[in-house]
Structures are given as structure tokens and as C-alpha cells.
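When you line the sequence shown up against my numbering, it's residues 7 to 318, in that order. The next block holds one structure in the form of C-alpha cells; read it before the comments.
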Amino acid sequence: MAARKIVIDCDPGQDDAIAILMALASPDRLEVAAITTVAGNVPLALTEKNARALVELAGRDDVPVHIGCSRPMLRPLETAEYVHGETGLNGANLAEPRIAPAPGHAVDAILGILAREPEGSVTLVPTGPLTNVALAMVKAPEVMARAAQIVLMGGAVDLGNVTPAAEFNIYVDPHAAHVVFGFGLPITMFGLDVTHKVTVTDARLEAIRAIDTPAGRAAYGMLEFYNRYDRQRYDTEGGPLHDPCTIAWLLEPALFEGRDCFVEIDTTSPTCIGRTVVDWWRRSDHPPNATVMREADADGFFRLLNDCLKRL
Ligand code: RIB
Ligand code: CA
């Protein structure tokens, strides 16, 4: 079976980095047509540089990295150095990337790929704020409608992680999320409910430490740093691997379980803006617009992660 074409739209971030490495380690199953970058965890100048450093780490200079939007559609940018460190990839210890960004804005790169590839053959995998994806929908809806599906990390059925109500990716650009969830493409949503079930425990971190390769060492360094925040903030054993859930599902969908739900984005409440309001119990008459994942086979997930890292 031909590899599935994907575009990863991201804001690296250590968890974005693990997702990128897993995808680049699986060329038999995932063809990464492009990586597009957006401001989020850290400013755009860092997220795009981090993405270029990661494709070099994976030995995949063939994958173009495009620079995207530097701020949300309406709200000012809010970043998360408190989680990811000043570089956004603290712990990775990667060299300055040699490769240049690919020509063309990320929005135009997404549209160009969808226009040239057969309809229904490209999956979009956003793992940061949805600004690039939403603006592509605004700029050329007929082209964006050619996408097969959207597999995204964002939102939550229950509590948020930036405010009591909102998860970071949706909170940073709730208006973009409103556009994306209202557009009509099939969405598979990995929110905090499921991502917090795949946390980097000490034992799982030690298993990654045993992968004595450049990618294994970078992954260990990133996750060792990344664990720090959640241990202190939530008194948990380690950090949740949010973004890699998207790639893990594309590689092994049986690792996850969810339900088709109607999801809408709060874009107005002063206390709940950025909340994904998930109609889990079908209380509204709205038809589902997303498959919301809530269960994960954590041991299976980390087995897959380690297998991917060993292939790089
Ligand atoms: O809330 C977690 C999400 O926000 C992840 O994508 C993380 O990388 C940050 O972007
Ligand atoms: Ca991210």
C-alpha cells in the first residue's frame, strides 16, 4: 500500500519534535510532503528553525520546511517557554540547521500540495495553533476541501491546561479553531483527555535513553527537560506526549478509541475563550464534526515510539 501523504503543521516544542521524528522514521507508511510552521510554543523564528533542525537530525533534508503565520488571527500571541524552555527545544542540543526554509509561505505550501495531489490523498496534521490551516481555508476553500482529513492535537473534553477551560493550541488562536472545526473536513481530535494517558514515566524515559543514536539522545534530552514542568505543576511522573498521538494514530489507529461528537469553539467568553465544547453525550441536535479520542494504549504507544526512534 502506498504511503499516506501528510503535511505536519507545527510549533516545535519537544512534543511536536517527537511527532516529527516518528513521522520521518516511517517513510514506508507516511510521506511527509512538507512541514509547515506556526508561532505557538515559542515565536515563529524559533519554531521554524527548530523544525529545520529536526529534519536534519532525522537525515531527511528532502522534506521542505515552510515558514507560516507569526501570530494568531485576532488575539496577540501567547507562548509557552515555561513548558518548552527559551529555545522551544530545550534538552535537544541540536546544531544550528544548515538547510534554509523552503520558498513560499506555509499557507501557500499547504494549498499548493492540495492543489497538485489527487483529491482526498493528503492528510493535514496540525500540532500547534491552527492559524495556518484556518487562513488556507479562508484563502482557498475549494482547494482545502480536497484534503482527506485533519488529524489534530488540540482541545479537551474536560479541563484545559492554559486556563481551567482551554487547551493551549486552541486557546492561542480560538478564531482559527472556529474556522477549522466549522469547515467540514473530517477531523480526528486528540485532546488533553487522551494525551494525558501517554505520559513519559521514568521507566519509559530510561527505555528511550537506551537508544544510543543521535535521534535517541536528542529525544531523551528533550523529554528529560520536558518532564520537569508537569512534574512540578501537576505532581505527575512525567509529561504527556500530546502531539505524537496524531502520528501514532496514523501509524497504528488501534492504539486509540474515541467517539464522533459535535465540537464547537468558545470564541467570546472572558473566562472560557478557547474551550472546545464537546457534545460527548449528544445533547444538541448538531451532527458530529469530529472524532474525539479519549482512550489510549500507553504501552503500545511507547513501543511504537521506541521502534520509530530506533529506525532513525
Ligand atoms: O496543549 C498542548 C499543545 O500545546 C501541544 O501541541 C504543545 O506542543 C503545545 O503546542
Ligand atoms: Ca505543538
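Virtual Cβ for every residue (Gly too), placed ideally from N, Cα, C.
- Query: Fully enclosed by the segment 186-271, which beta strand (DSSP E) runs are 3 residues long or longer?
  - Reply: Listed in chain order, they are 193-196 and 262-271.
- Could you have a look at Cys278 and say whether DSSP puts it in helix, strand or coil? Working through the sequence shown from its first residue, we reach residue 278 at position 272. Coil, per DSSP.
- Message: Can you tell me whether Met28 is helix, strand or coil according to DSSP?
- Response: To locate residue 28, count along the sequence shown from 1; it is residue 22. It is helical.
- Backbone secondary structure at Thr53 - three-state DSSP: As a first step, residue 53 must be located in the sequence shown, where it is residue number 47. Of the three classes helix, strand and coil, the one that applies to Thr53 here is helix, per DSSP.
- Please report how far the alpha carbon of Leu318 lies from the alpha carbon of Ala221, in whole angstroms. Position 312 of the sequence shown, counted from the start, is the residue given in the question as residue 318. Position 215 of the sequence shown, counted from the start, is the residue given in the question as residue 221. When rounded, the distance between both Cα atoms is 6 Å.
- Query: Taking the beta strand (DSSP E) that Ile176 falls in, what are its first and last residues?
  - Reply: Indexing the sequence shown from 1 puts residue 176 at position 170. Run containing Ile176: none in the beta strand (DSSP E); it sits in the alpha helix (DSSP H), Phe174 to Val178.
- Item | Contacts around Asp357, its chain only, beta-carbon distance under 7 Å, and the 5 residues preceding and following it disregarded | For the chain, the structure presents residues 7 to 318; residue 357 sits outside this window and is missing.
- Message: Along the chain, where does the alpha helix (DSSP H) containing Val149 start, and where does it finish?
- Response: If you number the sequence shown from 1, residue 149 lands on position 143. Counting along the chain, the alpha helix (DSSP H) containing Val149 begins and ends at Pro147 to Met150.
- Task: Leaving out five residues on either side along the sequence, give the residues of the same chain with a beta carbon under 7 Å from the beta carbon of Ala162.
- Result: Walking along the sequence shown from the start, residue 162 turns up at place 156. The beta carbon of Ala162 sits closer than 7 Å to those of Glu173, Gly197, Leu198, Asp199 and Thr282, all from its chain and outside the five residues before and after it, given in chain order.
- Do you know whose CA, among Pro82, Gly244 and Gly134, lies nearest Thr205's CA? Numbered from 1 along the sequence shown, position 199 holds the residue referred to as residue 205. Comparing Cα-Cα distances from Thr205 to each of Pro82, Gly244 and Gly134, the minimum goes to Gly244.
- On the DSSP bridge assignment, give the partners of Leu130 in chain order. As a position in the sequence shown, residue 130 is number 124, starting the count at 1. Bridge partners of Leu130: Val13 and Ile156.
- Task: Tell me whether the beta-carbon of Arg288 lies closer than 8 Å to the beta-carbon of Glu263.
- Result: Residue numbering aside, residue 288 sits at position 282 when the sequence shown is read from its first letter. Residue numbering aside, residue 263 sits at position 257 when the sequence shown is read from its first letter. Their beta carbons are not under 8 Å apart, which means Arg288 does not touch Glu263 by this criterion.
- Would you mind stating whether Ile130 and Ile156 have Cβ atoms separated by less than 8 Å? Here residue 130 refers to the residue found at position 124 of the sequence shown. Here residue 156 refers to the residue found at position 150 of the sequence shown. Contrary to the premise, residue 130 reads as Leu rather than Ile in this sequence. In this structure, Ile156 lies closer than 8 Å to Leu130 by Cβ.
- Short check: CB of Gly134 to CB of Gly188, under 8 Å? Working through the sequence shown from its first residue, we reach residue 134 at position 128. Working through the sequence shown from its first residue, we reach residue 188 at position 182. Not a contact, by the Cβ cut-off of 8 Å.
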